[in-house]
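Written below as structure tokens is the structure these notes are about.
Chains as they are written, first to last, in our numbering: chain A, 1 to 373; chain B, 1001 to 1373.
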């Protein structure tokens, strides 16, 4: 079968031949339909993140997938059922551990998991995969075409579950939310705030000039685009309003700290970016005082578990199809796989500057299609 | 009647004559027994925090009190009942607001409250006070002698309630806790971790040489004293272990950020200090990444509400009396009030250096006694 793999650091993915995998007991064989491409894939391609499984020189990419059960293998799944695979698995040679036993692999620390398509385990960009049945989340056929968005939405489901948890000791009624970053995850999150979470006022910070398709999506959702070059994060409370919730999806480390200033009293900042080392000066006294005197919280969040995937499928069903169509700018077959990785050969600014996307026609969200849905 | 008041910035409190207050409808008249002295009182005395009520030139001090109902005034309280008053009240001229209506004045932002004995309202260091009955929390007579510790314990009850809330979206089973600061609040919190919260391993960071009574208390509780001059906060995970919970009670702003490094995966840092402005460099990229990849949280917490006072009374009942006796180094009548404010005339290091207490015989916790219990 064909798969899309990468030698970490090679800069571009390649199509490779691999044997169709055999499901072990408890596993099903899944025929892959579509697999999304995201920033983590580029980090793996560039070699700045992730790693190949022991004994292999290439990693099969892909962690945002939807497929169809080809051989249920006695697992109780139904053949023909569309499914979305979760990403984390126990480390090689380990059957399970406390985190997986509890259904919370997203809370496992480094060393206690591998991530399919990212680190230590092959991903989903292949014609077939096998997976333990309990890592395959059924999705209705009518949503299957968008099923590769379930994993990124699940990331936000988890981050917001944790952000809300931080505010659960009192009566919190958030009305304003600010999303930092207008990439595909930021845009999906803006859509969740406006369409499913009932926020009255939603803002999205980016660094793009108009006209720009991501700004169009933000405004179509009734949200407000803020250009960080005109209004830096810390000035947003004065220029717009203090925010009950800040969702950071830029990987720009100063945002983690400036978010404290952007928050309203009793607000929470959810951090999702994974920046490299970067030292800079902050007014730590003021930020510390502000966190305390206004009961603010910061919560970091990574990955997601099966419950978040299930919530994400409900969310996906509630998002307007027109918005999904605008966010997904291209789904490409193997014969034009280069189009699915438009940044793979370009020189991408690494590290801090994740919001400094150039003002061009860079697609927002792409996917690879292995089988028609 | 006699009261202890201060002209903010005067550097020392003074005994003043005030009329015995008359309870308004819904208020009770309380005869004050004991009032604790804490760091906030010194900030008010120095003039770095707080403020007098409009129309007055002095503020009656005191926010950690226990008294006895002298005139229930038809409120439903019983005369002779010991009570602890809560601290926040609606601003002058305002009957109530959403925060008070919900029983969550501790979540009110600046401008939506006054604090008795701290900012905008006279405190409890007087022979008599009046208070709305619902701001008077009954305490059993056998605990009344320690009742002035209920307010500081309630501060920790709230901070820990919020810290636990941040970890409520998953199965969190904390075993290790680190308290930053070995002042009276830090010591009470160490006692809560070891005596009522079931932590297996508790540490307390300070800057004092042995022999020192606060170190004795820490060790008597089965906790481990860590000298920050030998083991800075960020090195504690290697030297001891990463911490599930860090509780900051130093007001030392670097601690707010270094706590992230001291935390175990999925840990939470509760911040309580109120530092002044202070700019310094951090590796913000690493801290941001660490928060995200290990699902860590930071939560600021200020003040407490009636529910936290009630929880604090239960906690107080569970703490060993010997520990309370060791923490409370002196209870003084008005005739020796100077002894209750041992730092009031000394030159106190302001701002960042709150942990840099000199290695001397400075009392740990003092109180003023107005009436025998």
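Cβ atoms here follow ideal geometry from the backbone N, Cα and C, with glycine treated the same way.
- Around the beta carbon of residue 1094 of chain B, a 10 Å sphere encloses fewer than 16 other beta carbons of the protein chains shown; the residue is thus reported as exposed.
- Taking C-beta atoms as the reference points, residue 1084 of chain B and residue 1155 of chain B fail to come closer than 8 Å.
- The secondary-structure analysis by DSSP pairs residue 1366 of chain B across a beta bridge with B/1037, B/1330.
- Per DSSP, residue 1284 of chain B is one residue of the alpha helix (DSSP H) stretching across 1284–1293.
- Ranked by Cα distance from residue 53 of chain A, the options A/72, A/43, A/71, A/92 are led by A/92.
- Around the beta carbon of residue 36 of chain A, 16 or more other beta carbons lie within 10 angstroms, which makes this residue buried.
- In terms of Cβ geometry, residue 22 of chain A and residue 133 of chain A do not form a close pair [threshold 8 Å].
- Note on residue 1131 of chain B: 16 or more other CB atoms within 10 angstroms of its CB, so buried under the neighbour-count rule.
- With respect to chain B, the C-beta atom of residue 146 of chain A has no partner C-beta closer than 8 Å.
- Below the 9 Å Cβ cutoff, chain B contributes no neighbours of residue 114 of chain A, its closest Cβ being approximately 15 Å away.
- For residue 1338 of chain B, no Cβ of chain A is located within less than 8 Å of the residue's own Cβ.
- Residue 1 of chain A has its alpha-carbon roughly 8 Å from the corresponding atom of residue 16 of chain A.
- In chain order, 1033, 1144, 1145 place their CB closer than 6 Å to the CB of residue 1373 of chain B, counting only its own chain and leaving out the 5 sequence neighbours on each side.
- If you compare the alpha carbons of B/1137, B/1060, B/1105 with that of residue 1302 of chain B, the shortest gap goes to B/1105.
- Judged by DSSP secondary structure, residue 1218 of chain B falls within the alpha helix (DSSP H) whose first and last residues are 1213–1220.
- When DSSP reads this structure, residue 88 of chain A sits in a beta bridge with A/115.
- By the criterion of at least three beta-carbon pairs nearer than 8 Å, the segment 1337–1344 of chain B is not in contact with the segment 1187–1197 of chain B.
- Between residue 1215 of chain B and residue 1225 of chain B, the C-beta gap is smaller than 8 Å, which places the two residues in contact.
- Counting every other CB atom within 10 Å of its CB across the protein chains shown gives residue 1013 of chain B a total of 16 or more, marking it as buried.
- The beta carbon of residue 1184 of chain B does not come within 8 Å of any beta carbon belonging to chain A, so the residue lies off that interface.
- Taking 8 Å as the threshold, the shortest C-beta distance from residue 1279 of chain B to chain A falls below it.
- Residues of chain B with a Cβ closer than 8 Å to the Cβ of residue 256 of chain A are, in chain order, 1284, 1287, 1288, 1291.
- Within the DSSP bridge table, the entry for residue 1297 of chain B names A/299, B/1268 as partners.
- Within a 10 Å sphere around the beta-carbon of residue 1219 of chain B sit fewer than 16 other beta-carbons, which makes this residue exposed.
- Contact annotation: residue 1011 of chain B and residue 257 of chain A have beta-carbon atoms that are not nearer than 8 Å.
- Residue 96 of chain A is outside the set of residues whose beta carbon lies under 8 Å from a beta carbon in chain B.
- Three or more Cβ pairs closer than 8 Å define a contact, and the segment 159–178 of chain A falls short of that threshold against the segment 312–328 of chain A.
- Following the DSSP letters along the chain, one finds residue 192 of chain A in no beta strand (DSSP E) but inside the alpha helix (DSSP H) bounded by residues 184–195.
- Checking the DSSP bridge columns, you'll see residue 1071 of chain B partnered with B/1029.
- Following the DSSP letters along the chain, one finds residue 1156 of chain B inside the alpha helix (DSSP H) bounded by residues 1150–1166.
- With a threshold of 8 Å between beta carbons, residue 246 of chain A makes no contact with chain B.
- Assignment of residue 51 of chain A by DSSP, reduced to helix, strand and coil, places it in the strand class.
- Between residue 1162 of chain B and residue 265 of chain A, the alpha-carbon positions lie close to 15 Å from each other.
- Taking all protein chains shown into account, residue 152 of chain A has 16 or more neighbouring C-beta atoms within 10 Å of its C-beta and is therefore buried.
- Residue 1056 of chain B carries a coil assignment under DSSP once its states are collapsed to helix, strand and coil.
- For residue 192 of chain A, no chain B residue has a C-beta closer than 8 Å to its own C-beta; the minimum C-beta separation is roughly 17 Å.
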